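*Asks:*
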Amino acid sequence: MSKKYALGVDVGGSHISCCAVDMETQKLVKESFIREKLSHTDTKENILKTWAKAINECMESVGVGNVLGLGFAMPGPFNYKEGISMLEHKYPNLYKTHIPTALNEYLIQKQEMRFLNDASAFAVGVAWIGKGKGKEKVVVITLGTGFGSAYIDGGVPIVEREDVAPEGCLWHLKFKDGIADEYFSTRWFTGEYEKRTGKAIQGVKDVIDTPLKDELFTEFGENLGNFMAPWLNKFNADILVMGGNISLAYPHFEKALLETLKQNGNQTPVAVSELMEDAAMIGAARTFDETYWAKVKDNLPKF
Numbered sequence: 001m002s003k004k005y006a007l008g009v010d011v012g013g014s015h016i017s018c019c020a021v022d023m024e025t026q027k028l029v030k031e032s033f034i035r036e037k038l039s040h041t042d043t044k045e046n047i048l049k050t051w052a053k054a055i056n057e058c059m060e061s062v063g064v065g066n067v068l069g070l071g072f073a074m075p076g077p078f079n080y081k082e083g084i085s086m087l088e089h090k091y092p093n094l095y096k097t098h099i100p101t102a103l104n105e106y107l108i109q110k111q112e113m114r115f116l117n118d119a120s121a122f123a124v125g126v127a128w129i130g131k132g133k134g135k136e137k138v139v140v141i142t143l144g145t146g147f148g149s150a151y152i153d154g155g156v157p158i159v160e161r162e163d164v165a166p167e168g169c170l171w172h173l174k175f176k177d178g179i180a181d182e183y184f185s186t187r188w189f190t191g192e193y194e195k196r197t198g199k200a201i202q203g204v205k206d207v208i209d210t211p212l213k214d215e216l217f218t219e220f221g222e223n224l225g226n227f228m229a230p231w232l233n234k235f236n237a238d239i240l241v242m243g244g245n246i247s248l249a250y251p252h253f254e255k256a257l258l259e260t261l262k263q264n265g266n267q268t269p270v271a272v273s274e275l276m277e278d279a280a281m282i283g284a285a286r287t288f289d290e291t292y293w294a295k296v297k298d299n300l301p302k303f
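In terms of the numbering used here, the numbers along the sequence shown are unbroken and rise by one, the last being 303.
This is how it looks when you write it as structure tokens:
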């Protein structure tokens, strides 16, 4: 049997998730999904052992001999071309570690490893087999604990071009009295709710059961529309795809967002990603599509 599975590996601060992707059918092999909890402050050895445990189980589920390699969705800063962790706050004990060399010591079979930025990997997955499939220019945003974003053109993340935001992302750009990340993340909802009621809430879900629901979601949608419209116009986006926990509440701010985009001369279709966290694993696995890899590998340090 020829090798046909690439493993997508999503590395977070408190977990590692991995799942095999059938590169012929472009589908996740759901029964291969493994998730392990960990602490990013643990020792280097313990972190690598936990990663290896998840990856080994995932490989065994599809047959180790059928695995093309491991594609990682990694948070930055990270040397994606060389596979060297430059993370100091998350995973401090992996700082300057060459991940392929270190991790292969614990794997049941040595594997080639390729790396993408986690936000880029999410967007690549969405554009490949999610709501962005068949579209040329896709803008992907994630609305959750932070505001993530990526531009995709022809399946490839674009980080330096005159029609995209500086560094190919939006979180750090000025908006109103601060930056976009402060307005399009969970802390905007929790902060605004406390400011207006004097009471604390844990997250966006808690807003839905309160009298402030309509007021807050309408304001959120208007803010998002006013902020995104110029960038969608400049990129001439074919679709805007949203992920992250806040996107699950889209019915509550859909009208405000679409109306505000329209007022700003933009009619880009908007969709919520059905892949959710699977998208990053799918996007990372796509690095083992050799035709695709040839398009992105030389730009990796910029991601």
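Using N, Cα and C, we set each Cβ at its ideal position, and we do this for glycine too. None of the values given here were measured: they were computed from a predicted structure.
1) Just reading off the beta strand (DSSP E) that residue 15 is part of, what are its end residues?
2) Is there contact here, the region 55-63 with the region 105-122, by at least three beta-carbon pairs under 8 Å?
3) Whose CA, out of 161, 101, 74, 94, lies closest to the CA of residue 41?
4) Can you tell me whether residue 208 is buried or exposed, with buried defined as 16 or more other CB within 10 angstroms of its CB?
5) What residue range does the alpha helix (DSSP H) around residue 195 cover?
6) Span of the beta strand (DSSP E) holding residue 117?
7) Please confirm if the region 133-143 is in contact with the region 231-250, defined as three or more CB-CB distances below 8 Å between the two stretches.
8) Which of the three DSSP states, helix, strand or coil, is assigned to residue 292?
9) Roughly how many angstroms separate the alpha carbons of residue 271 and residue 253, rounded to a whole number?
10) Pick out whichever of 65, 12, 71 has its Cα sitting closest to the Cα of residue 288.
11) Let's see if you can read the secondary structure: which residues bound the alpha helix (DSSP H) around residue 283?
12) Measuring CA to CA, which of 29, 10, 80 is closest to residue 300?
13) So what does DSSP say about residue 92, is it helix, strand or coil?
14) Thinking just about the alpha-carbon of each residue, which of 127, 47, 145 is nearest to the one in residue 281?
15) What does DSSP give as the partner residue(s) for residue 304 in the beta ladder?
16) Which value, in whole angstroms, describes the spacing of the CA atoms of residue 283 and residue 123?
17) Our contact map puts residue 9 next to residue 73 with C-beta atoms below 8 Å; I'd like the distance itself, whole angstroms only.
18) My output table needs one value for residue 176: the three-state DSSP class, helix, strand or coil.
19) Starting from the Cα of residue 183, find the closest Cα among 201, 87, 222, 162 and give me that residue.
20) So residue 19 and residue 29 are in contact, right, with Cβ under 8 Å, and what is the actual spacing, rounded?
21) For the alpha helix (DSSP H) containing residue 54, name the first residue and the last one.
*Replies:* According to the data block:
1) For the purposes of this step, residue 15 is identified with residue 15 of the sequence shown, where counting begins at 1. Taken as a continuous stretch (DSSP letters only), the beta strand (DSSP E) holding residue 15 covers 15-22.
2) yes
3) On the sequence shown, residue 41 is found 41 positions in, with the first residue counted as 1. Comparing Cα positions, the closest option is 94.
4) For this step, residue 208 is matched to residue 208 along the sequence shown. That one is exposed.
5) For the purposes of this step, residue 195 is identified with residue 195 of the sequence shown, where counting begins at 1. Here the alpha helix (DSSP H) through residue 195 covers 186-197.
6) On the sequence shown, position 117 is the one that residue 117 refers to. Here the beta strand (DSSP E) through residue 117 covers 113-117.
7) yes
8) Locating residue 292 in the sequence shown gives position 292, where the first residue counts as 1. Helix.
9) Walking along the sequence shown from the start, residue 271 turns up at place 271. Walking along the sequence shown from the start, residue 253 turns up at place 253. Their backbone Cα atoms lie some 13 Å apart in a straight line.
10) Mapped onto the sequence shown, residue 288 falls at position 288. Among 65, 12, 71, the Cα nearest to that of residue 288 is on 71.
11) Counting from one through the sequence shown, the residue named residue 283 turns up at place 283. Its alpha helix (DSSP H) spans residues 278-285.
12) One-based indexing of the sequence shown puts residue 300 at position 300. Closest by alpha carbon: 80.
13) Translated into positions along the sequence shown, residue 92 becomes position 92. Residue 92 falls in the helix class under three-state DSSP.
14) Taking the sequence shown and counting its residues from 1, the one referred to as residue 281 is at position 281. Closest by alpha carbon: 127.
15) Any answer about residue 304 is impossible in this case: the structure gives the chain only from 1 up to 303.
16) Counting from 1 along the sequence shown, the entry for residue 283 is found at position 283. Counting from 1 along the sequence shown, the entry for residue 123 is found at position 123. Near 7 Å, if we compare the C-alpha coordinates of residue 123 and residue 283.
17) Here residue 9 refers to the residue found at position 9 of the sequence shown. Here residue 73 refers to the residue found at position 73 of the sequence shown. Yes, they are in contact, since the Cβ atoms of residue 9 and residue 73 sit about 7 Å apart, within 8 Å.
18) Along the sequence shown, read from residue 1 onward, the residue named residue 176 stands at position 176. Coil at residue 176, not helix or strand.
19) Working through the sequence shown from its first residue, we reach residue 183 at position 183. Answer by Cα proximity: 222.
20) Taking the sequence shown and counting its residues from 1, one reaches residue 19 at position 19. Taking the sequence shown and counting its residues from 1, one reaches residue 29 at position 29. About 7 Å; that satisfies the 8 Å criterion.
21) Position 54 of the sequence shown, counting from 1, holds the residue named residue 54. Note, residue 54: alpha helix (DSSP H), 44-62.
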